[in-house]
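Notes follow once the structure below has been shown.
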């Protein structure tokens with residue numbers, strides 16, 4: 001049995017991380033979860049009946065649109081945005097120019113930190129912090145969607 005994508009999505013986006021603390025897939029399914037996050041989501045990762053024709057326009061999704069690496073979950077540390085002219089560029093190894101930032105999670109309390117960062121990646125391996133607060137001791141997780 002594979003981990004349904006919605007289990008990972010709920011952990012990251014719907015507050016389950018605050019309740020659970022650490023994402024722990026069922027025994028024997030950690031490798032599958034890592035594969036989904038590293039190589040991308042495909043039809044085999046969705047539960048039967050999870051998406052039906054009423055939810056999608058004709059030909060809205062094709063195999064060509066769900067490419068390997070389309071979804072990436074990457075950790076990074078924020079920067080100190082306080083002060084006169086702060087440097088607001090955070091190193092986000094693996095990010096590519098044009099990627100969309102779908103979610104950013106503060107790992108200290110699993111809160112939604114998306115508003116503290118730019119909504120898209122402007123340069124490879126970087127994400128811009130828009131918050132003018134000191135985030136230099138905080139590790140974040142960014143969920144990116146390749147464009």
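Residue numbers (my numbering): 1 to 147.
Each residue gets a CB set at the ideal place from its N, CA and C atoms; glycine is no exception.
Check residue 97 in the structure and name its three-state DSSP category.
Along the chain shown, read from residue 1 onward, the residue named residue 97 stands at position 97. Coil, per DSSP.
With 16 other CB atoms within 10 Å as the buried threshold, where does residue 124 fall?
In the chain shown, residue 124 corresponds to position 124, counting from 1. Counting other Cβ atoms within 10 Å of its Cβ, residue 124 stays below 16 and is therefore classed as exposed.
Among 106, 96, 97, 91, nearest to residue 141 - alpha-carbon criterion:
Sequence index remark: in the chain shown, residue 141 carries index 141 (1-based). Of the listed residues, the one whose Cα sits closest to residue 141 is 106.
Note the first and the last residue of the continuous beta strand (DSSP E) segment covering residue 145.
By one-based count along the chain shown, residue 145 stands at place 145. It spans 139–145 - the beta strand (DSSP E) in which residue 145 sits, taken as one unbroken run.
From which residue to which residue does the beta strand (DSSP E) around residue 132 run?
As a first step, residue 132 must be located in the chain shown, where it is residue number 132. Neither: residue 132 is in no beta strand (DSSP E) and is coded neither H nor E.
Should residue 109 be labelled buried (16 or more other beta-carbon atoms within 10 Å of its own) or exposed?
Against the chain shown, residue 109 aligns to sequence position 109. Counting of Cβ neighbours within 10 angstroms places residue 109 among the exposed residues, the total staying below 16.
Nearest-angstrom Cα separation, counted from residue 84 out to residue 73:
Walking along the chain shown from the start, residue 73 turns up at place 73. Walking along the chain shown from the start, residue 84 turns up at place 84. If you take the alpha carbons of residue 73 and residue 84, they lie about 32 Å apart.
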